[in-house]
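Peer 1: Respectively, the protein sequence lines represent chains A and B.
Under my numbering, read the first sequence as residues 3 to 298, first letter to last.
Under my numbering, read the second sequence as residues 178 to 413, first letter to last.
We put the CB at the ideal spot given by N, CA and C, even for glycine.
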Amino acid sequence: MDDFFFSLLLAGISVGAVYALIALGLNLTFWTTKTLNFGQGSLMMLCAMLTVFISSQGVAITLAVVGSLAVVAALGMFIERWTVRPSLQSSGGSMGWVVSTLGFGIFLQGMAAKCFGSQAVAFPDVVFNAQDFVTLFGQYISLQYLVVLAVAVALILAFELFIRRTVWGQAVHAVSLDPELALVQGIPVRRLILGSFMLSSILAGVAGVLIAQIGGTVDPAFGFDLVLLGFVAAVLGGMGSSLGALAGGLLVGVISKLVGGYVSTAAEHGIAFALLMLALAVRPQGLFGRPEVSKA
Amino acid sequence: MLELRDLSVHYGAVRALEGVSLQAAPGGITAILGANGAGKSSLMRAVSGIAPVVAGQVLLDGQDITALPPPARARLGVAHAMEGRRLFRQLTVEDNLRLAWSFGARREKLAASLAEVYARFPILETKARTAAGLLSGGQQQMLILSCTTIRNPRFLLLDEPSLGLAPIIVQQIYGFITDYAAKSGIVVVIAEQMAALALKVSRQGMVLRRGRVVLAGAGEELLRGRDGTTLAASYL
């Protein structure tokens, strides 16, 4: 295995794990409301930009990250209350949330450009800098990529444990299956939905910081492509499946990095959408989409 | 005490209930009878909070809950087995029970509550790890009943518990309901199309037709009928 291939593979796995994180966030709101927050990309950007801004004021970088995540979490709840809920309550089961969440995202992007300028700014090193590496089997491995991978995988595992092992995770599952039955059984569905948007936004925020760390810079337009890649990962793996999100994320990450390395970086994102179209044509339920379990 | 005062439920232009009043005291079963579309389910949905009430009040022990959202009513002890065998079909039998217990009154530990359910319906223990959607109709109804009783409710609403089941299973289900009502001393309301079946075990009954009360009285009285034809006539 040559070095070039190996480094592309590692980079692909690393960003792929972050795409999986974004996909999990999309899955979460899909479970509770059958909606997706298309403003997620702007939340990723905002979280990274705020981190840069707060740390530039002399605050420790970890504190800056936590503070930015808190802001993004609050915005996630705002998005549910003011862009998604009104749309779902309007008569005729409207799809207005597609435009309202996207619109709010574009608004955030505009505000960020106004407040922080539209130039790309350097993202500070959180743990390691881009030159740190370890040697393994004779290969140079970037520590930043490893940290990003480790954080993403740890969060995915924690999220899965939360969904599978806790009562609240089960409640999320229940709401996705039959919201009315969940209400009647005393599950506080409203609060659960609000919480799902909050958690989904936090996942997006973390993903934003991780990608910014790898890329080294962040600008107001950052994030929009990324949430689309997360969406591709979610659909590819099977909308609503956590294992699918991980597989889809890794697939998109690795393939786009390989294409970027061997063909052209300009084709990196295009290939993800080619994958999406292929998946929708061949296997629309996704890699891990489950058939319904039912008996009349 | 469950009380409805002049309750009206409208789905847009469709008037499902018009000015229905009812008092159901604890320690006995109340039967809500009527043909398809008479408003039985709407009445129950109004109590658990998932029907659009346009006028009137729902009271639990004198407390007006008409404006409360469904989960708050569930916390006050309302348990509703909805029509159409509603279960979380992809979840296992035990997950359904655990979920119902988790958001219920939790008067006993989960293990004790589960043991009680399994002692009553051993087949549910055998099928504990099976997806609820794969159970037979009778088993699903047993699970639904168990999901409501495991919550330790104070107001139990059962919508057509006999629908689509074999007579022998219906007997078993009704046996369970009567026992539970007698033992627990709570308010039990059953909506049922098979009038005789429900009235036999009920203290009082009420017949709905097109959203209005057309007949109400003691169970025995409705069953026998003053002239034997009242009940049948009220269905027409």
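#1: Three Cβ pairs or more, each shorter than 8 angstroms: is that satisfied between the region 236-244 of chain B and the region 179-191 of chain A?
#2: Looking at the C-beta of B/G281, does it have a partner C-beta in chain A at a distance below 8 angstroms?
#3: I'd like to confirm the pairing. Which residues does DSSP put opposite B/V230 in its beta bridges?
#4: Pick helix, strand or coil for B/Q316, following the three-state DSSP scheme.
#5: Would you say B/H187 faces chain A, with C-beta separation under 8 angstroms as the test?
#6: Are A/L159 and A/L238 closer than 8 angstroms when you measure CB to CB?
#7: Give the interface partners of A/I63 over in chain B, defined as CB-CB distance under 8 angstroms, in chain order.
#8: B/A244: which of B/V230, B/A256, B/A251 sits nearest, CA to CA?
#9: Considering only residues of the region 196-264 of chain A, which uninterrupted alpha helix (DSSP H) runs meet the minimum length of 4 residues and lie entirely inside it, listed in chain order?
#10: Using C-beta distances below 7 angstroms, list every residue in its chain close to A/V211, excluding the 5 sequence neighbours before and after it, in chain order.
#11: Are any of the Cβ atoms in chain B nearer than 8 angstroms to that of A/A72?
#12: Check whether the Cβ atoms of B/P203 and B/M178 sit closer than 8 angstroms, and answer yes or no.
#13: I want to see whether chain A comes within less than 8 angstroms of B/I227, judged by CB atoms only; does it?
#14: Just checking my contact of B/L399 with B/V364 at CB under 8 angstroms: how many whole Å lie between their CB atoms?
#15: Taking a Cβ distance cut-off of 9 angstroms, strictly less, list which residues of the region 184-202 of chain A are near chain B, in chain order.
#16: So, is the C-beta of B/M371 closer than 8 angstroms to a C-beta in chain A?
#17: Hey, is the region 214-223 of chain A in contact with the region 248-267 of chain A, meaning 3+ C-beta pairs nearer than 8 angstroms?
#18: DSSP state of A/K297, grouped into three classes?
#19: Closer than 7 angstroms, Cβ to any Cβ of chain A: which residues of the region 242-254 of chain B, in chain order?
#20: Return no unless some Cβ of chain A is closer than 8 angstroms to the Cβ of B/F265.
#21: With distances taken between CB atoms, is the gap from A/F40 to A/G107 smaller than 8 angstroms?
#22: Excluding sequence positions up to five away, which residues of its chain have a Cβ less than 8 angstroms from the Cβ of A/W33?
#23: Which bits of chain A does B/M259 rub up against, with CB to CB less than 8 angstroms?
#24: Give me the residue from A/P126, A/E162, A/V149 with the minimum Cα distance to A/A62.
#25: Using only CA atoms, which one of A/L71, A/A19, A/K36 lies nearest to A/S44?
#26: Three Cβ pairs or more, each shorter than 8 angstroms: is that satisfied between the region 340-348 of chain B and the region 201-208 of chain A?
#27: Taking all protein chains shown into account, do 16 or more other C-beta atoms lie within 10 angstroms of the C-beta of A/Q91, making it buried, or fewer, making it exposed?
#28: Would B/V366 pass as a contact of B/I327 if the rule is Cβ separation under 8 angstroms?
#29: Under 8 angstroms: do the region 16-30 of chain A and the region 150-166 of chain A share three or more Cβ pairs, one atom per stretch?
#30: Which residues, in chain order, does the region 195-213 of chain B contribute to contact with chain A at a C-beta distance below 7 angstroms?
#31: Out of A/L280, A/V169, A/G240, A/L148, which one is the CA nearest neighbour of A/A19?
#32: Using 8 angstroms as the Cβ pair cut-off and three pairs as the minimum, do the region 103-117 of chain A and the region 131-141 of chain A touch?
#33: Helix, strand or coil for B/R386, going by three-state DSSP, please let me know.
#34: Under 9 angstroms Cβ-Cβ, which residues of chain B neighbour A/V2?
#35: By the 10 Å Cβ neighbour count, where 16 or more other Cβ atoms means buried, how is A/N131 classified, buried or exposed?
#36: Out of B/S290, B/A251, B/S198, B/R386, state which residue places its alpha-carbon closest to the alpha-carbon of B/G211.
Peer 2: By the coordinates alone:
#1: Between the region 236-244 of chain B and the region 179-191 of chain A there are fewer than three inter-stretch CB-CB distances shorter than 8 angstroms, so the stretches are not counted as touching.
#2: The residue you call residue 281 of chain B lines up with position 104 of the second sequence. So yes, B/G281 belongs to the interface.
#3: Translated into the one-based positions of the second sequence, residue 230 of chain B becomes position 53. Its beta-bridge partners are B/V186.
#4: Against the second sequence, residue 316 of chain B aligns to sequence position 139. B/Q316 falls in the helix class under three-state DSSP.
#5: Looking up residue 187 of chain B in the second sequence gives position 10. Between B/H187 and chain A, the shortest Cβ-Cβ separation is not below 8 angstroms.
#6: If you number the first sequence from 1, residue 159 of chain A lands on position 157. If you number the first sequence from 1, residue 238 of chain A lands on position 236. No, the Cβ-Cβ distance between A/L159 and A/L238 is not below 8 angstroms.
#7: Position 61 of the first sequence, counting from 1, holds the residue named residue 63 of chain A. Around A/I63, no beta-carbon contact reaches into chain B at under 8 angstroms, the shortest distance being about 40 angstroms.
#8: On the second sequence, residue 244 of chain B is found 67 positions in, with the first residue counted as 1. If we check each option's Cα against that of B/A244, B/V230 comes out closest.
#9: Positions of the alpha helix (DSSP H) runs, each at least 4 residues long and wholly inside the region 196-264 of chain A, are given as 226-239, 244-264 in order along the chain.
#10: The residue you call residue 211 of chain A lines up with position 209 of the first sequence. Closer than 7 angstroms at the Cβ level, and outside the excluded window around A/V211, lie C49, A50, T53, V67.
#11: Here residue 72 of chain A refers to the residue found at position 70 when the first sequence is read from its first residue. No - not a single Cβ of chain B is within 8 angstroms of the one on A/A72.
#12: Numbered from 1 along the second sequence, position 26 holds the residue referred to as residue 203 of chain B. Numbered from 1 along the second sequence, position 1 holds the residue referred to as residue 178 of chain B. Less than 8 angstroms divides the Cβ of B/P203 from the Cβ of B/M178.
#13: Mapped onto the second sequence, residue 227 of chain B falls at position 50. With 8 angstroms as the cut-off, B/I227 counts as an interface residue toward chain A.
#14: For the purposes of this step, residue 399 of chain B is taken as the residue at position 222 of the second sequence. For the purposes of this step, residue 364 of chain B is taken as the residue at position 187 of the second sequence. About 19 angstroms separates the two Cβ atoms, so there is no contact after all.
#15: Near chain B, meaning a CB-to-CB distance below 9 angstroms, the residues of the region 184-202 of chain A are A184, L185, V186, Q187, G188, I189, P190, V191, R192, R193.
#16: Numbered from 1 along the second sequence, position 194 holds the residue referred to as residue 371 of chain B. Using a CB distance cut-off of 8 angstroms, B/M371 does not count as an interface residue toward chain A.
#17: Under the 8 angstroms Cβ criterion, the region 214-223 of chain A does not count as touching the region 248-267 of chain A, having fewer than three qualifying pairs.
#18: For the purposes of this step, residue 297 of chain A is taken as residue 295 along the first sequence, with counting starting at 1. Because A/K297 sits at a pLDDT of 45, beneath the cut-off of 50, its placement in the model cannot be relied upon, and the point is left open.
#19: Contact residues of the region 242-254 of chain B toward chain A are P247, P248, A251, R252 (C-beta to C-beta distance below 7 angstroms).
#20: By 1-based counting over the second sequence, the position of residue 265 of chain B is 88. At least one chain A Cβ lies under 8 angstroms of B/F265.
#21: As a working note, residue 40 of chain A is residue 38 in the first sequence. As a working note, residue 107 of chain A is residue 105 in the first sequence. With contacts defined as CB atoms closer than 8 angstroms, A/F40 and A/G107 qualify as a contacting pair.
#22: Residue numbering aside, residue 33 of chain A sits at position 31 when the first sequence is read from its first letter. Closer than 8 angstroms at Cβ, skipping near neighbours: V174, H175, V177, S178, S198, G242.
#23: Counting from one through the second sequence, the residue named residue 259 of chain B turns up at place 82. One finds E182, L183, V186 in chain A with Cβ atoms closer than 8 angstroms to the Cβ of B/M259, taken in chain order.
#24: The residue you call residue 62 of chain A lines up with position 60 of the first sequence. With distances taken between Cα atoms, A/A62 lies closest to A/P126.
#25: If you number the first sequence from 1, residue 44 of chain A lands on position 42. Considering only alpha carbons, the answer is A/L71.
#26: No: fewer than three Cβ pairs fall under 8 angstroms.
#27: Your numbering for residue 91 of chain A matches position 89 in the first sequence. With fewer than 16 Cβ atoms within 10 Å of its Cβ, A/Q91 is classed as exposed.
#28: For the purposes of this step, residue 366 of chain B is identified with residue 189 of the second sequence, where counting begins at 1. For the purposes of this step, residue 327 of chain B is identified with residue 150 of the second sequence, where counting begins at 1. No, these two residues do not count as a Cβ contact at 8 angstroms.
#29: Yes: at least three Cβ pairs fall under 8 angstroms.
#30: Answer set for the region 195-213 of chain B: empty.
#31: Residue mapping note: residue 19 of chain A aligns to position 17 of the first sequence, counting from 1. Taking each of A/L280, A/V169, A/G240, A/L148 in turn and checking the Cα distance to A/A19, the smallest one comes out for A/L148.
#32: These segments do not touch.
#33: Residue numbering aside, residue 386 of chain B sits at position 209 when the second sequence is read from its first letter. Here B/R386 sits in strand by DSSP.
#34: Since the displayed chain A opens at 3 and closes at 298, residue 2 of chain A lies outside it and no answer follows.
#35: The residue labelled residue 131 of chain A in the question sits at position 129 within the first sequence. The residue in question, A/N131, is exposed, as its Cβ has fewer than 16 Cβ neighbours within 10 Å.
#36: Your numbering for residue 211 of chain B matches position 34 in the second sequence. For the residues B/S290, B/A251, B/S198, B/R386, the minimum Cα distance to B/G211 belongs to B/R386.
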